[in-house]
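Below: the structure, in structure tokens.
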Amino acid sequence: MLSAILSMAALAAAFGVALGYVSVRFKVEGDPLVDQIDAVLPQTQCGQCSFPGCRPYAQAIADGEAEINQCPPGGEAGVMALADLLGRDPLPLNPENGVAKEVKTVAVIDEDVCIGCTKCIQACPIDAILGAAKQMHTVIADECTGCDLCVEPCPVDCIDMVPIEDTTQTWKWPFPEADATEKAA
Amino acid sequence: MAVQNEILRQIWISSAILAAFAVAGSALLGVTEGSTREQIAANEQAYLIKSLNQVLPPSQFDNDLLSDSIEIQDTDALGTEAPVTVYRARKQGQAVAALFTVVAPDGYSGNIRLLVGVNFNGSLAGVRAVSHRETPGLGDAIEVSRSDWILGFAGRALGQPPVERWRVKKDGGDFDQFTGATITPRAVLKAVKKALIYFAAHRDDLFATSAKDPQESDNG
Amino acid sequence: MTDYLFILIGTVLVNNFVLVQFLGLCPFMGVSKKRETAMGMALATTFVLTLSSVCSYLVNEYILAPLGVEYLRTISFILVIAGVVQLTEMIVHKASPLLYEVLGIYLPLITTNCAVLGVALLNVREQNSFLESAVYGFGAAVGFSLVMILFSAMRERIAVADVPAAFQGAPIGLITAGLMSLAFMGFAGLV
Amino acid sequence: MASYSDIARDGLWKNNPGFVQLLGLCPLLAVSNSLVNALGLGLATIFVLVTSNVIISAIRNWVQPQVRIPVFVMVIAATVTAIELIMQAELYELYKVLGIFIPLITTNCIIMGRAEAFAAKNDLPKALADGLAQGLGFSFALVLLGAMREVLGQGTLLRDAHLLFGEQARDWTITLVHNYDGFLLAVLPPGAFLGLGLLIALKNVIDRRLAQPKAQPISTTDTAESTA
Amino acid sequence: MARLSSPHLPVQASVSVVMRRVVIALIPGIAVMTFFFGVGVLLNIGIAAVTALLAESIMLKLRGRELGRFLSDWTAVVTAVLLAIGLPPLAPWWLPAMGAFFALVFGKHLYGGMGYNPFNPAMIGYVVLLIAFPTQMTLWPTPLGVGDGVASPLAVLTYAIGNDLAAFGGLDAMTGATPLDHVKTQLSLSQTVAEAQGGNMFGLFAGQGWEWLNLAFLAGGLWLLTNRTIRWQIPVSVLGSLAIISTLFWLGDSDRFASPLFHLTSGAAIVGAFFIATDPVTASTTPRGRLYYGAGIGVLTYIIRNWGGYPDAIAFAVLLMNMAAPTIDEYTQPRVYGHEGRKD
Amino acid sequence: MSAAAGMVTGAKVWKFPGGLKLNGHKTLSATSAIEDAPIPAYLILPLAQHIGAAAKPVVEVGDQVYKGQTIAAPDGFVSTPIHASSSGKVVAIEERPVAHPSGLSAMCIVIETDGLDTPLSTPELEAHPDYSELDPSHLRNLVRQAGVVGLGGAAFPSFIKLNPGPDAQVDALILNGAECEPYITCDQVLMREQADDIARGAQLIMHAVQATTCLIGVEDNKSESIAALNKAIDALDDRRIKVVVVPTRYPQGGEKQLVQALTGREVPSEGLPLDIGIVCHNVGTAATVWRAVTRAEPLISRVMTVTGGAIKQPRNFNVRIGTPVSELLALSGGTQGTPARLVMGGPMMGFALTSDAVPVVKATNCILATTEAETAPVEDAMPCIRCGECAEVCPAGLLPQQLYWHSRARDLDRAQEYKLFDCIECGCCAQVCPSHIPLVQFYRFAKTEIWEAERDKRKSNHARERHEFRQDRLDREEAEKKARLAAKKAALKKDTSAANPVAEAIARAKARKAETASGQPADPVADMIAQAKAKADGNKKIPEKPASTENSSSTDDPVAAAIARAKAKADQKKTDSAAPSDDPVAAAIARAKAKAAEKSDEKSDDPVAAAIAKAKARKAEQQSAPEEKPTADDDPVAAAIARAKAAAAAKKDGD
Ligand SMILES: Cc1cc2nc3c(=O)[nH]c(=O)nc-3n(C[C@H](O)[C@H](O)[C@H](O)COP(=O)(O)O)c2cc1C
Ligand SMILES: Cc1cc2nc3c(=O)[nH]c(=O)nc-3n(C[C@H](O)[C@H](O)[C@H](O)COP(=O)(O)O)c2cc1C
Ligand SMILES: Cc1cc2nc3c(=O)[nH]c(=O)nc-3n(C[C@H](O)[C@H](O)[C@H](O)COP(=O)(O)O)c2cc1C
Ligand SMILES: Cc1cc2nc3c(=O)[nH]c(=O)nc-3n(C[C@H](O)[C@H](O)[C@H](O)CO)c2cc1C
Ligand code: SF4
Ligand code: SF4
Ligand code: SF4
Ligand code: SF4
Ligand code: FES
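From first to last, the protein sequence lines are chains A, B, C, D, E and F.
Numbering of the first sequence is given in our numbering, commencing with residue 156 and proceeding in unit increments.
Numbering of the second sequence is given in our numbering, commencing with residue 207 and proceeding in unit increments.
Numbering of the third sequence is given in our numbering, commencing with residue 4 and proceeding in unit increments.
Numbering of the fourth sequence is given in our numbering, commencing with residue 388 and proceeding in unit increments.
Numbering of the fifth sequence is given in our numbering, commencing with residue 555 and proceeding in unit increments.
Numbering of the sixth sequence is given in our numbering, commencing with residue 72 and proceeding in unit increments.
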């Protein structure tokens, strides 16, 4: 009995010593995971994930504080990519965070209505709006990620999100319809 | 400096916690073990006896089988190089039967271990398959739970039927084979027959009250 | 020599840990959806299984048996395994981020893989010697890795098959494992 | 956090360890070749799960991260060994039949899984409820599979009940099909995998039916989309 | 619009043509088999085919797939025939039925049907039967020229339906071990190969009847090769590896190891190499991979035949290599135009 | 690739892997001579007819244009001009349906022809009958100005291929006269009728690329063309040029396959023929180049085939670029019923047209109108049975079935691992697939998906950079603001703390508590911030619209804070008149604090963190100094100094 207790205690203590030592000696700083997650996120910086931008969301995922299904701009494909990266099971997008846009959009400022208040400029997370105070503003369409953040601050409602249309350059071959195998009789 | 301190601190904490749980755990187990030890030992014995009882019902003997045993060795007759324990059943001091395991090495797939009980008069008290790897559904009919075939050995002896008819029917003997499986019964028969022959040759040594040197008994 | 060969064949094929002995099934089912992860898991398991097989032999032989406290087998084995795994993980994490990338995330999972404790306990039951224990552990790991990797490649195919909805995911995975186990019955009687 | 009814529903059905989480597969498949074996291991697992959940919940706040796993496994291992010793003392034959899978409860993934995922984060009563629910859920899966395999493989139920319930249960065996040759596949290893696969598929079908109460055509599959 | 893209020309080849060719190629073998083993062969094929088509229809219906197209692709028939010719030609009716059911349901439709199954359905059916009903599966009727000779149609039918042969002198009288089984068991009783092959079970160079049977299947297989329904890699590597390994052991100890000719022609090696291992769906698909795949089957067959628990092992070997096929494919990708070296 | 080192002689023909023997159907259209198609009423000239950037219009609606006049100029290096193919008036510059598999519209210049076909009075180009005087770079420029693109299929601006660069060594020019696709015969008749132009074009290109050999690869089913070419070469007496007869085997005319067949060399993946010393042009391109240089003829017309079972009189036309397809169908006697499919290009590589209003472009070599019997059914695919037939015929040595499985599963990474981009989309695989799977469409689908993903990735990386840039800018601004503030406060505090140490201690304690609550170590800079935090906290209690609050209450991020602030502003004003959110100082501090918290673990290039670090160092220094008070924290003077230093450092780092 005593020998049992003593031997176990000694064994345990030995591991305790080793673990304690190693836990300090081999402490790992930094977390490349956040970078990897951030690289997968669409960088729309729209905040729909309920975090202020993509990187904070990436951090939250890495810390296990957020699910992987909170980014609507990334869509199902984004969730799959995250699931892949993190070795988790894919989840359907969380509707609380919004729905994935059917089509991509860009912001367009109605330049006749714009009063040059700069509110949209402050809101745009990627500085995609040009203009100075009291002058009309324009969106650099190529930069705009379609995050919608500039729409609300505009006091005169002059910003519209318009769909980006396919061109022969961006057109994609459609997925060939389901094979006959997968079709109902 | 700081790192050193930190290491010491962590070492101290980790080992203390782990040791504490180890102590608690092993203490708990120590107590449990202490309180169950005897019961377990008794169970082990009972288990063994129960398996022996399959071939020799308890009513037929009154001695303590487990303490009345000797070891023998005969690779040829017993099918194994390892020493084999022989339990000797006696009633009122009279030898009743010997129980031991033999191995049939030529089963369809590997060894078949058999528990053989031989009455003092040379007839079989019973045979059971202890372990085997015969094909499920074919060769495993030697298990009692699968068929009664093995029960048919009880009461048989070397002359009953005559030695040359200790074969499966297909080979011109008296024993049934299984449909589609002749190898297994053949192997079992052969092993049992050998055991009987061994018994006949060594009966007195086997029942000698003091355990004899197996080698000696072998030569005898 | 042939003894060791038989142990190897026995553990890898005839009594495959996963398909015949039913050990280590959770990671087998859980981490086999992609070939890369399956390989990582296989590697990590091979390492831990061999190591723990050896360590538990030592613990059993030099601590438990001399003191006559065999009833502490489970608790001491598991302590050794958990400790070794965690030490390995922490050291690998720091020392070789590359290796950690490959093995790291699987190591903690392995602690609770019953193949690891299973191999330790079976070693005792089979009364294997030191070297036999090592071969036994290694063979078990190779068997595990083999079926794990084959299984993961099959699952990648099955993932894109037109599997009936009710069977998608785990059910078809289990059925595939069942059919693999069926195929492995062909090795019965080899050793 | 989770309410008790959630905990119960999770453990028994929605997040059943055997059917959904796919944890504890080894004992689930290995000892489900008969109903009695399944029941025996199920009971042992419940006991361990409840005990370990309770202890871990109680100690959760003063265990360092680097020793968390060793401490947890030690707690579990101690519990299991205690059970093992008690079983040896009280149900020796069943212990013999279940063999290595009793000590292996230690590494049954559910136990550690619940310790990490639930007990280490919740208070004591909840942890107890969770242990019970998950244990019952696991035993449910185990017993179902055991019954299925026993019926298919041997045509009986409750064979060898005396191992668990003592001598008076020796003749509890229910023979469903007389002179049944036995569909051997069911009791062999492949049968375990196939059986569990079929049971989970069945659960999926039931879940789908429950989800859309409107009577659906016999089709158990969804059509066009799937992987397309 | 499903097909938008080029090419726009109609395609000549089709799945059902391929499958029909396989059935046609099996006919000579089936004919010889019936001659030697009786009408039980045809009965098995019939029962298996009907069950297979039935099971296929039910599964297609349950899964909501087009019935007509898939029933007419002939794959279920190929599966049924290949399963049936592996069964003893004297069997209760439920044996082929059960086998075909398992083949089609577990081997094929749970995976999504034609084209998606990772395991050879016929071999799944066969192995399930072998493991679940070993008694029925190991009782082969004696062929023409051995023992009582070929079972009469009446006997076959009585046994198939009533599972009873008392009227015909009992099952044991009409059945015996196959040549492979016989040699295996005799060898295990420490006889030499020559002794084991001494009986009248053995014909010119292999089992009586079996030799002709295998020649007929060989003819069908060669026909498939010439019309490019199958490629050479798998048959050649299966038979080649089996021949090589059996030659090596035979040269080493011809008392304990049977000759390569015996191995090639006494069991299912020929059918296996040309018809079973070549199942495109479950085999390896890269040219180099097919060589490895076939070699694996040959070697595993030999190992299990000699040291394992089963007298013949084509089915197990095929299933085991089916397991490995996806992995093999992954590591045997051919060199792509414009890339250096192979990707190994 | 041992052959790469050897000489290119054309003496041996290699075999490329895979490939198919197809029924050519060439006699349909090859028997008659090339016919000039009349001027259509309208010419529709897409701006993007070539690989590379679309041309930019240089005319306006209403302008009169003349034949050969440049109406659109190249935009960038990989681009070519577009010329009016007849005279008339520009009536529109707008989106019109163009020849593209999508059936989408694209920018076109539409010319209403006047039927006069008046050429420019002074041609834009100068004719150089004796080009051997010209140095190669001048030559290339001429070819560029003539708008010449490859006529073999890809419509790659030809001048680039005439410009091998200073280091490149060209062993051989290969002219592609294989024309392996069924039905098409435009190269065949061109070689028959204009062999001389081709041969001279070959000489010209050899001069331009400094090649010593020219091999013209022609399939063995075009004996007349071979004879004509040999005759023309004999006439020129140029031993460097050689016609090599190659077997008729699809896709013999694929650039990579032809290069392999003629030289035994393989074009490296993702490489160019030039990498192995080869330049490859279509035979028609050669003739066009020659005419552009020596006769100053820009590319305004080309020879093309109109054929197929549904065409009444299949033949070859010399067609003005921009002619609508409908006109050509009418010219060939119309169609027999509605064609089952109208294809631009050949049956193996071409794409189905959704409308016959689209114009012929520079790349158009064939219009194919098929009958039902000649057309693959739209929908009869079965699952892949992995028969491997496709792999047998793939000329690229790919595993088409694996590409298919991965594309179908949308596993684009795996598809790329299986070398999706080495697929030349030749269609051989689909042509032999017993399951009739539209394999090529799967590959095209996967490729366009990958391209889109790459576009998205580029865009998102760009967005990340811009976002980070913005963050840095905001940080800098905050740091500067804060530094100013800190200095001011410190000065203030110096007075008050002396007077009231208790209040100061309390404030500090509060600050630290706030800090530790957010997991950050207390430090002097944070001290300051936290003191203002009580105020800033007021912000957070203000009721806000749930829809717009996600960011405001939980956030640590300045952008989000700004956004939230903007959103909540109206409400705040109404509900809490004393709301300090309008207070720029408090808001700034809140943001700075947030920033500091966020950045505290990224020590490298963050000015705030740098400042903190410096302040801390300072503190440690003071701690160890014996004559100091117990902690530097307690010393307002030291703290102030630290802060000031930090501020200075922050400013410095920020700049
Ligand atoms: C897969 C398989 C497993 C077999 N297993 C056994 C077995 O376990 N025991 C046995 O006696 N025969 C077994 N046999 C049958 C033997 O191979 C052999 O056919 C039979 O024993 C000889 O019987 P006979 O003399 O009645 O023909 C098996 C046969 C096969 C094909
Ligand atoms: C996107 C692209 C870029 C190319 N870049 C070059 C180049 O830089 N230099 C060159 O000589 N050819 C270049 N080529 C031309 C190719 O080498 C080849 O001749 C041309 O694509 C025609 O081939 P095809 O019709 O077989 O597709 C390029 C082609 C493509 C499609
Ligand atoms: C499958 C395939 C077949 C082709 N067949 C021909 C052909 O028959 N004739 C031809 O000139 N170009 C053919 N091409 C295009 C050539 O690859 C290559 O683009 C052309 O010869 C380059 O010359 P160009 O730039 O002058 O067009 C084919 C391309 C592919 C991918
Ligand atoms: C050459 C060839 C061999 C085949 N062999 C088999 C076979 O061994 N077993 C089988 O079930 N089906 C076989 N089939 C049919 C078919 O491929 C098979 O049922 C598929 O596995 C069904 O998805 C074969 C088909 C061909 C073309
Ligand atoms: S929802 Fe997605 S895109 Fe928007 S900020 Fe969050 S991670 Fe970025
Ligand atoms: S312009 Fe508007 S929609 Fe576009 S990125 Fe900026 S804030 Fe978002
Ligand atoms: S030819 Fe068609 S069916 Fe055959 S492997 Fe290729 S894609 Fe699959
Ligand atoms: S289309 Fe692509 S994959 Fe198919 S044969 Fe041609 S090159 Fe190979
Ligand atoms: S129970 Fe999970 S691995 Fe065995």
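Every residue, glycine too, gets a C-beta built ideally from N, C-alpha and C.
What you are looking at is a predicted structure, and each value in this text was computed from that prediction instead of being measured.
Give me the Cβ distance between residue i and residue j, rounded to the nearest whole Å; I'm assuming they're in contact under 8 Å.
i, j, result
"E/Gln787", "E/Pro841", "6 Å"
"C/Ile10", "C/Val138", "5 Å"
"B/Arg373", "B/Leu395", "7 Å"
"F/Thr141", "F/Val129", "6 Å"
Check whether the Cβ of residue i sits closer than 6 Å to any heavy atom of ligand 4, and report yes or no.
i, result
"E/Ile952", "Absent from the structure is residue 952 of chain E, since the part of chain E shown begins at 555 and ends at 898."
Counting only C-beta atoms, is residue i closer than 7 Å to chain A at any point?
i, result
"D/Gln408", "no"
"F/Ala124", "no"
If we cut at 7 Å on Cβ distances, does residue i have a partner in chain F?
i, result
"C/Val166", "no"
"A/Ala339", "Because A/Ala339 carries a pLDDT of 36, less than 50, the predicted location of this residue cannot be relied on, and the following value inherits that uncertainty. It does not; no Cβ of chain F falls within 7 Å."
Any beta carbon from chain D within less than 7 Å of residue i's own beta carbon?
i, result
"B/Ile219", "yes"
"C/Asn18", "no"
How about residue i: is its C-beta nearer than 7 Å to some C-beta of chain B?
i, result
"C/Ile78", "yes"
Please find out if some non-hydrogen atom of ligand 5 comes closer than 6 Å to the beta-carbon of residue i.
i, result
"C/Tyr103", "no"
"B/Thr242", "no"
Does the distance between the C-beta of residue i and the nearest non-hydrogen atom of ligand 3 fall short of 6 Å?
i, result
"C/Phe170", "no"
"F/Asn212", "no"
"F/Cys285", "no"
When you measure from the CB of residue i to every non-hydrogen atom of ligand 9, does any distance come out below 6 Å?
i, result
"C/Gly140", "no"
Is any heavy atom in ligand 6 found nearer than 6 Å to the beta carbon of residue i?
i, result
"A/Cys279", "yes"
"F/Thr406", "no"
task = Anything with a beta carbon under 7 Å from a heavy atom of ligand 8 counts; list them all in chain order.
result = F/Gly89, F/Cys461, F/Val464, F/Cys465, F/Pro466, F/Ala467, F/Leu469, F/Pro471, F/Leu474, F/Cys494, F/Ile495, F/Glu496, F/Cys497, F/Gly498, F/Cys499, F/Cys500, F/Ala501, F/Leu510, F/Val511 and F/Tyr514
ask   = Mind listing which residues of the region 65 to 77 of chain C have their C-beta closer than 7 Å to chain A's C-betas, in chain order?
value = Ile66, Leu70, Val72 and Leu75
task = When you get a sec, list the residues whose CB is within less than 7 Å of any heavy atom of ligand 5, chain order please.
result = Qualifying residues, in the order they occur: A/Leu196, A/Pro197, A/Gln198, A/Thr199, A/Gln200, A/Cys201, A/Gly202, A/Gln203, A/Cys204, A/Phe206, A/Gly208, A/Cys209, A/Tyr212, A/Gln225, A/Cys226, A/Pro227, A/Pro228, A/Gly229, A/Asn252 and A/Cys302.
message = Short of 7 Å Cβ to Cβ, which residues in the region 218 to 240 of chain B face chain D?
response = Ile219, Ser220, Ile223, Leu224, Phe227, Ala228, Gly231, Leu234, Leu235, Thr238 and Glu239
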